[in-house]
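Engineer: Let me give you the structure first, and then I'll get to my questions.
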Amino acid sequence: MKEKQKYIVITGASSGIGYETAKAFAKRNKNLVIVARSKDNLEKLKEEILQENPLLNVIIKCVDLSITSKVHQLYEELKPYCIETLINNAGFGNYSSVADQDIEKIETMLRLNIDALVILSSLFVRDYKDVTGSQLINISSSGGYIIVPNAVTYCASKFFVSTFTEGLARELKACNAKLQAKVLAPAATKTNFGNIANNVQKYDYDKSFGTYHTSKQMADFLLKLYDSNEVIGLVNRETFEFELSSPLFNYSGNSQNNQTCYTL
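Numbered according to the working numbering, the sequence shown spans residues 573 to 836.
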């Protein structure tokens, strides 16, 4: 029987890191499911990929993952495909004091950065934890390991992503699961992140940051994480060097104060 084709699923693929990551995996002859709101951008990405490798399958899923019901619907639509790796890249940021932040924008950000990521991760782990070679890569931020001034709520959302994914990685290892959970933590990267986070049409990364990476560089870092057995791929916010490491947050795995097995 012919082996079922495998796919890399990438959310937030219509621009930035997600866009370049899709192109990077395509160069490795990986079939793709690319997910985002912008159908035009996804069509453009698909066309670029197929011009270089017309034998690949590139599936477009146009969906707004800040709507919870759409997240569940997306996963149902993914069930016919054999997923090798799920990359939860969709998300956006916000620069503002907590007192002045736009609550509607923050609600949408938290649904996308946290809710959608947890739902997709949980459903994927449930189905693929015992599948050899499967990976879950969640995109956090260097702001998911250090609090950045004027971006407290955004950083808190990415601290959630970092701790959730590190904890999941430990949980999977403890039960000898075959799926690997990993977290990528970029620092400043030249995408449309700055525009959205600051609510501006034009954003000058050269004026705002002394150093930053391109989306292509971050996609290359993601592939290094993908190829490794480490849990974390982190950009050092001071040196901008990319580092692979084991989990960084403290973990009370063997504490005598942990809850013992509880059943009703």
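The beta carbon of each residue, even a glycine, is placed where N, CA and C say it ideally should be.
Beta strand (DSSP E) containing L658: first to last residue?
Structural biologist: Here the beta strand (DSSP E) through L658 covers C654 to N660.
Engineer: For E676, which of T725, I632 and D702 has the nearest alpha-carbon?
Structural biologist: Selected option, being the one with the closest Cα: T725.
Engineer: Would L797 pass as a contact of K730 if the rule is Cβ separation under 7 Å?
Structural biologist: No, they are not a contact pair.
Engineer: Whose C-alpha, out of V697, G588 and R683, is nearest the C-alpha of T640?
Structural biologist: For T640, the nearest C-alpha among the options comes from R683.
Engineer: Measure the CB-CB distance between S714 and A759 and report whether it falls below 7 Å.
Structural biologist: Their beta carbons are under 7 Å apart, which means S714 touches A759 by this criterion.
Engineer: Have a look at P819 and K633 and give me their C-alpha separation to the nearest angstrom.
Structural biologist: Cα to Cα, the separation comes out at about 32 Å.
Engineer: Please report the distance separating the alpha-carbon of Y653 from that of K642.
Structural biologist: Each residue's alpha carbon lies about 18 Å from the other.
Engineer: So, do the region 588 to 601 and the region 774 to 794 have three or more beta carbon pairs nearer to each other than 8 Å?
Structural biologist: Because the criterion of three Cβ pairs below 8 Å is met, the region 588 to 601 and the region 774 to 794 touch.
Engineer: Would you please verify whether the beta carbon of K796 is less than 7 Å from any beta carbon of chain D?
Structural biologist: Going by chain labels, chain D is absent from the structure shown, which holds only one protein chain.
Engineer: Of the choices L744, I659, V581 and P626, whose alpha-carbon is the least far from that of E649?
Structural biologist: Of L744, I659, V581 and P626, the residue nearest in Cα terms is V581.
Engineer: Taking DSSP as the reference, what is the three-state secondary structure of K611?
Structural biologist: Note: K611 maps to helix in three-state DSSP.
Engineer: Can you tell me the Cα-Cα spacing of S824 and N830, whole angstroms?
Structural biologist: Looking at the two C-alpha atoms, the distance is approximately 8 Å.
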